[in-house]
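Keeping their order, the protein sequence lines are chains P and W. Going by numbering that gives the first Met the number 0, the first residue of the first sequence is number 0, and it counts up by one from there. Going by numbering that gives the first Met the number 0, the first residue of the second sequence is number 0, and it counts up by one from there. So the structure is just underneath, and the comments pick up after that.
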Amino acid sequence: MSREPSDTLAVQVTSLRKVYGDVVAVDDLSFEVERGSIFCIIGPNGAGKTTTIECLEGLRQADSGAVLVAGLDPIADHAKFVHKIGVQLQEIGIPPRMKVREALHLFAALYRTSLPLSELSAELELDGFLSKRYGSLSGGQKRRVNIALALVGDPEIVFLDEPTTGLDPESRFQFWEYIRRQNARGMTIVVTTHYLEEAREYCDTVLLMNEGRVVTTGPPERLIAESGLAARVVLPRAALGTVGEDDLAALPSVVHVRGTETSIYVYGDGNVVGEVSDFLSERGASPGVLEARPASLDDIYFLAVGPEGPEGGG
Amino acid sequence: MNPTALRKLVVTELLLALREPGAMFMSVILPMAVFLALGFSVGVIEIPVERDAGVVEIFHVRDVLLAGNIAWVTAVFGIVALPQTLVEFRQHGIFRRYRVTPMPSYMLIIAPLAVGAAIVVVSLALMLVVGWLVFSIRFAGNAAMVALAILLSYLAFAAFGTAITARIRSTRTALGLGLALFAPMFVLSGAFGPREAFPTVLQLVGDWLPLTHAYDLLTFLWLGATWETETTIGVPVWVSFVYLGVVGTVCVVASVRLFRWD
Chain P
0 MSREPSDTLA VQVTSLRKVY GDVVAVDDLS FEVERGSIFC IIGPNGAGKT
50 TTIECLEGLR QADSGAVLVA GLDPIADHAK FVHKIGVQLQ EIGIPPRMKV
100 REALHLFAAL YRTSLPLSEL SAELELDGFL SKRYGSLSGG QKRRVNIALA
150 LVGDPEIVFL DEPTTGLDPE SRFQFWEYIR RQNARGMTIV VTTHYLEEAR
200 EYCDTVLLMN EGRVVTTGPP ERLIAESGLA ARVVLPRAAL GTVGEDDLAA
250 LPSVVHVRGT ETSIYVYGDG NVVGEVSDFL SERGASPGVL EARPASLDDI
300 YFLAVGPEGP EGGG
Chain W
0 MNPTALRKLV VTELLLALRE PGAMFMSVIL PMAVFLALGF SVGVIEIPVE
50 RDAGVVEIFH VRDVLLAGNI AWVTAVFGIV ALPQTLVEFR QHGIFRRYRV
100 TPMPSYMLII APLAVGAAIV VVSLALMLVV GWLVFSIRFA GNAAMVALAI
150 LLSYLAFAAF GTAITARIRS TRTALGLGLA LFAPMFVLSG AFGPREAFPT
200 VLQLVGDWLP LTHAYDLLTF LWLGATWETE TTIGVPVWVS FVYLGVVGTV
250 CVVASVRLFR WD
């Protein structure tokens with residue numbers, strides 16, 4: 000199954016399927032990434048995020064389905080394709096004895112154009128260890144070097160596989176600022192992350208995957224709006240008396256209830272806070288002030304993926 | 000691939016090689032040490048070489064030590080050092096990383112080969128200079144034939160090392176295997192001492208080892224042997240040429256079939 004290359008789409012995936020032995024890593028996956036957008040793939044470990052991104056990068060051959068990146072087949076059009084993309088892999092990828100500066104200069108030389116190295120190094124905070132060997136760097140430093148090497152060729156489309164894992168909050172902020180500036184210049188960003196607040200704050204479109212399939216996709220705010228979730232209420236179990244999960248789940252505004260040893264989490268629409276509050280008063284339970292917050296991407300993720308997800312603890 | 004990138008890749012690979020003290024020791028310092036140690040001890044032993052007209056020309060062991068050393072330096076590179084680089088590329092996902100860049104994958108084999116060739120040439124040049132200054136060594140061969148033999152030996156061992164480590168994903172395993180294969184080859188080739196001193200069975204094993212052929216080829220050519228001259232293996236020089244060529248070709252084919260990029 001193939002389709003026509005598009006000028007407005009950076010990535011076109013149609014019915015992608017990839018199997019390792021008995022394990023179906025990606026199954027009937029279809030999505031599109033608009034040119035010039037920041038596209039984020041989220042999902043629990045084993046959801047198929049890395050397999051998907053590696054099929055887009057041409058590192059893996061799909062068992063069936065079609066992938067077009069910048070209108071090119073990543074494997075059949077490899078020679079043209081590699082000039083249009085930048086890639087950050089999760090694995091090491093650099094000889095441990097190579098110095099950071101050498102890696103930057105070598106990679107810059109591979110492409111027809113390159114970003115200014117001094118700016119790249121300053122923005123991604125590499126200046127402090129340019130003369131160090133890659134193998135001697137900390138995990139976060141290595142990650143930043145790998146991000147820099149993905150961007151150095153000024154690609155049309157950059158694929159970043161968990162770029163912010165292991166980065167401290169300040170580095171994550173700097174990373175996203177720089178990525179957004181590259182995006183504003185027209186670079187398409189395809190990224191995977193475990194940090195859902197990042198996906199919501201920085202990405203135009205989110206693709207939530209689980210067990211190799213699309214759970215939902217769209218702009219994060221729209222997903223939240225369409226989910227029917229408006230708020231999440233946390234109730235301390237000790238103050239609830241005889242009230243249990245089932246009682247709360249029966250309320251009309253409640254979409255989902257999850258109990259832990261100490262708390263009950265109630266997810267619901269716009270009326271959930273008032274309804275829960277009234278119900279508890281009727282039953283004589285007195286949890287005091289209700290702890291509630293607006294629904295977030297975390298909640299959608301949790302409801303779709305279940306407690307195994309990284310943010311599943313609520 | 001553009002010339003700037005190619006130059007940067009080779010220079011970077013050279014820097015990486017220089018930062019690997021073990022490989023530099025084995026390819027430059029050890030052969031020099033062996034050259035000097037043997038040159039000052041057994042170096043004065045005479046080697047009578049019979050020429051066609053029945054004339055006997057007298058050389059000394061030290062004249063030819065260098066040629067033998069270069070034979071095993073090419074083997075050290077091919078069996079020990081080159082696989083370290085290639086296995087490291089495999090182990091750390093470096094082949095994979097470059098596959099998503101405009102760098103053609105084969106360049107990642109060509110570049111270390113070029114660097115290794117440079118190191119062999121430097122090792123040879125240093126021994127030539129020291130040999131000339133310290134021992135006034137003599138060369139009676141055809142330089143082109145010697146150069147061809149060094150190149151053949153270099154490529155054959157590089158192919159051999161690449162083939163035997165084609166699927167290994169740990170530099171330690173590759174190092175262990177490389178040394179385990181190189182050490183007996185080194186001893187049985189005669190580079191460690193005259194083969195005649197070994198039991199017959201070990202001499203017979205040695206006859207089939209590529210390093211023995213490379214060693215005999217280079218030492219005999221250094222002293223002016225022709226294609227037809229019989230070496231210690233009991234075969235003419237051209238047979239050792241062909242043998243190394245066959246070993247190299249078989250190993251190239253095996254490498255192409257077995258080699259894993261990740």
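Just so you know, even glycine gets a beta-carbon here, dropped at the ideal spot from N, CA and C.
Does residue 92(W) come within less than 8 Å of chain P when only Cβ atoms are used? The residue labelled residue 92(W) in the question sits at position 93 within the second sequence. In terms of beta-carbon proximity, residue 92(W) lines the interface with chain P, with at least one pair separated by less than 8 Å.
How about residue 80(P) and residue 148(P): are their beta carbons less than 8 Å apart? Within the first sequence, the letter at position 81 stands for residue 80(P). Within the first sequence, the letter at position 149 stands for residue 148(P). Result no, Cβ atoms of residue 80(P) and residue 148(P) do not sit closer than 8 Å.
Using beta carbons (cut-off 8 Å, strictly below), is residue 92(P) in contact with chain W? Walking along the first sequence from the start, residue 92(P) turns up at place 93. Look at residue 92(P): its C-beta is under 8 Å from a C-beta on chain W.
Given a threshold of 16 other Cβ atoms within 10 Å of its Cβ, counted over all protein chains shown, does residue 61(W) qualify as buried or as exposed? What you label residue 61(W) is simply residue 62 of the second sequence in a count that begins at 1. Counting of Cβ neighbours within 10 angstroms places residue 61(W) among the buried residues, the total reaching 16 or more.
In chain P, what lies closer than 8 Å to residue 95(W) by C-beta? Walking along the second sequence from the start, residue 95(W) turns up at place 96. What residue 95(W) touches in chain P, judged by beta-carbon distance under 8 Å, is 58, 88, 90, 92, going in chain order.
CA-CA distance, residue 310(P) and residue 302(P)? For this step, residue 310(P) is matched to residue 311 along the first sequence. For this step, residue 302(P) is matched to residue 303 along the first sequence. Any reading at residue 310(P) needs caution, since the residue's pLDDT is 41, under 50, leaving its predicted position unreliable; the model's value is listed next. Distance between residue 310(P) and residue 302(P), taken at the CA atoms: about 11 Å.
Quick check: is the beta carbon of residue 99(W) nearer than 8 Å to any beta carbon in chain P? Residue mapping note: residue 99(W) aligns to position 100 of the second sequence, counting from 1. Proximity of residue 99(W) to chain P, defined by a Cβ-Cβ separation below 8 Å, is satisfied.
Cα-Cα separation between residue 254(W) and residue 142(W), rounded to whole angstroms: Position 255 of the second sequence, counting from 1, holds the residue named residue 254(W). Position 143 of the second sequence, counting from 1, holds the residue named residue 142(W). Between residue 254(W) and residue 142(W), the C-alpha separation is close to 31 Å.
For a cutoff of 8 Å on Cβ pairs, would you count residue 110(P) as touching chain W? To locate residue 110(P), count along the first sequence from 1; it is residue 111. At least one chain W Cβ lies under 8 Å of residue 110(P).
Does residue 138(P) come out as helix, strand or coil in the three-state DSSP assignment? Start at 1 with the first residue of the first sequence, and residue 138(P) comes out as number 139. Residue 138(P) falls in the helix class under three-state DSSP.
Do we get a CB-CB distance below 8 Å when we pair residue 128(P) with the residues of chain W? Against the first sequence, residue 128(P) aligns to sequence position 129. For residue 128(P), not one C-beta of chain W is nearer than 8 Å to its own C-beta.
Tell whether a beta-carbon distance below 8 Å holds between residue 158(W) and residue 247(W). On the second sequence, position 159 is the one that residue 158(W) refers to. On the second sequence, position 248 is the one that residue 247(W) refers to. Yes.
Using a threshold of 7 Å, is the CB atom of residue 165(W) nearer than that to any non-hydrogen atom of the ligand NAD? Within the structure as shown, the ligand NAD is missing, as the structure has no ligands at all.
Reduced DSSP secondary structure (H/G/I, E/B, other) of residue 169(P): Mapped onto the first sequence, residue 169(P) falls at position 170. Helix.
Please state the DSSP three-state secondary structure of residue 202(W). The residue given as residue 202(W) occupies position 203 in the second sequence. Here residue 202(W) sits in helix by DSSP.
For residue 90(W), which option in 94(P), 76(P), 7(P) has the closest C-alpha, if you only look at C-alpha atoms? Taking the second sequence and counting its residues from 1, one reaches residue 90(W) at position 91. The option with the nearest alpha carbon to residue 90(W) is 94(P).
Residues that DSSP places opposite residue 70(W) in a beta bridge: The residue you call residue 70(W) lines up with position 71 of the second sequence. BP columns for residue 70(W) are empty, so no partner.
Could you check whether the Cβ of residue 184(W) sits closer than 8 Å to any Cβ belonging to chain P? Numbered from its first residue, the second sequence carries residue 184(W) at position 185. By this cut-off, residue 184(W) is not an interface position.
Limits of the unbroken beta strand (DSSP E) element including residue 12(P): As a working note, residue 12(P) is residue 13 in the first sequence. Where residue 12(P) is concerned, the enclosing beta strand (DSSP E) starts and stops at 8 to 19.
Does any residue of chain W have a CB that is nearer than 8 Å to the CB of residue 106(P)? On the first sequence, residue 106(P) is found 107 positions in, with the first residue counted as 1. In terms of beta-carbon proximity, residue 106(P) lines the interface with chain W, with at least one pair separated by less than 8 Å.
Along chain W, in chain order, which residues have C-beta atoms closer than 8 Å to that of residue 101(P)? For this step, residue 101(P) is matched to residue 102 along the first sequence. For residue 101(P), the neighbours in chain W by C-beta distance under 8 Å run, in chain order, 11, 14.
Given this structure, state the Cα-to-Cα distance separating residue 45(W) from residue 57(W), to the nearest angstrom. Position 46 of the second sequence, counted from the first residue, corresponds to residue 45(W). Position 58 of the second sequence, counted from the first residue, corresponds to residue 57(W). Answer to the nearest angstrom: the Cα atoms are 6 Å apart.
If we call anything under 8 Å between Cβ atoms a contact, is residue 75(W) one with residue 152(W)? Position 76 of the second sequence holds residue 75(W). Position 153 of the second sequence holds residue 152(W). Not closer than 8 Å, so no.
Judging by CA-CA distance, which residue of 214(W), 235(W), 252(W), 210(W) is the nearest neighbour of residue 64(W)? Taking the second sequence and counting its residues from 1, the one referred to as residue 64(W) is at position 65. Residue 214(W) is the option with its Cα nearest to residue 64(W).
Interface residues of chain W around residue 97(P) at Cβ under 7 Å? The residue given as residue 97(P) occupies position 98 in the first sequence. 11, 15, listed in chain order.
Do residue 163(P) and residue 32(P) come within 8 Å of each other at the CB atom, strictly closer than that value? Working through the first sequence from its first residue, we reach residue 32(P) at position 33. Working through the first sequence from its first residue, we reach residue 163(P) at position 164. 8 Å or more divides the Cβ of residue 32(P) from the Cβ of residue 163(P).
Endpoints, alpha helix (DSSP H) assigned at residue 171(W): Taking the first residue of the second sequence as position 1, residue 171(W) is located at position 172. Counting along the chain, the alpha helix (DSSP H) containing residue 171(W) begins and ends at 170 to 188.
Beta-carbon separation of residue 240(W) and residue 228(W) under 8 Å? Walking along the second sequence from the start, residue 240(W) turns up at place 241. Walking along the second sequence from the start, residue 228(W) turns up at place 229. Between residue 240(W) and residue 228(W), the gap from beta carbon to beta carbon reaches 8 Å or more.
Which residue or residues does DSSP assign as beta-bridge partners of residue 158(P)? Your numbering for residue 158(P) matches position 159 in the first sequence. Residue 158(P) pairs with 86(P), 189(P).
For residue 67(P), the first and last residue of its enclosing alpha helix (DSSP H): Within the first sequence, numbered from 1, the residue matching residue 67(P) stands at position 68. Per DSSP, residue 67(P) belongs to no alpha helix (DSSP H); it is in the beta strand (DSSP E), 63 to 68.
Cutting at 7 Å between CB atoms, please list the residues of its own chain near residue 181(W), excluding the five before and the five after it. One-based indexing of the second sequence puts residue 181(W) at position 182. Cβ neighbours of residue 181(W) beyond the five flanking positions: 74, 75, 78, 79.
With a threshold of 8 Å between beta-carbons, can residue 146(P) be considered close to chain W, or not? By one-based count along the first sequence, residue 146(P) stands at place 147. By the rule that beta-carbons nearer than 8 Å mark a contact, residue 146(P) does not touch chain W.
Listing by chain order, which chain P residues have their CB less than 8 Å from the CB of residue 102(W)? Within the second sequence, the letter at position 103 stands for residue 102(W). The contacting residues are 109.
Is there a Cβ from chain W that is less than 8 Å from the Cβ of residue 82(P)? Working through the first sequence from its first residue, we reach residue 82(P) at position 83. Yes, its Cβ sits closer than 8 Å to a Cβ of chain W.
Which partner residues does residue 208(P) have in the DSSP bridge list? Walking along the first sequence from the start, residue 208(P) turns up at place 209. Assignment of beta-bridge partners to residue 208(P) by DSSP yields 213(P).
Just the Cα atoms here: how many angstroms apart are residue 17(P) and residue 4(W)? Start at 1 with the first residue of the first sequence, and residue 17(P) comes out as number 18. Start at 1 with the first residue of the second sequence, and residue 4(W) comes out as number 5. Roughly 35 Å between the two C-alpha positions.
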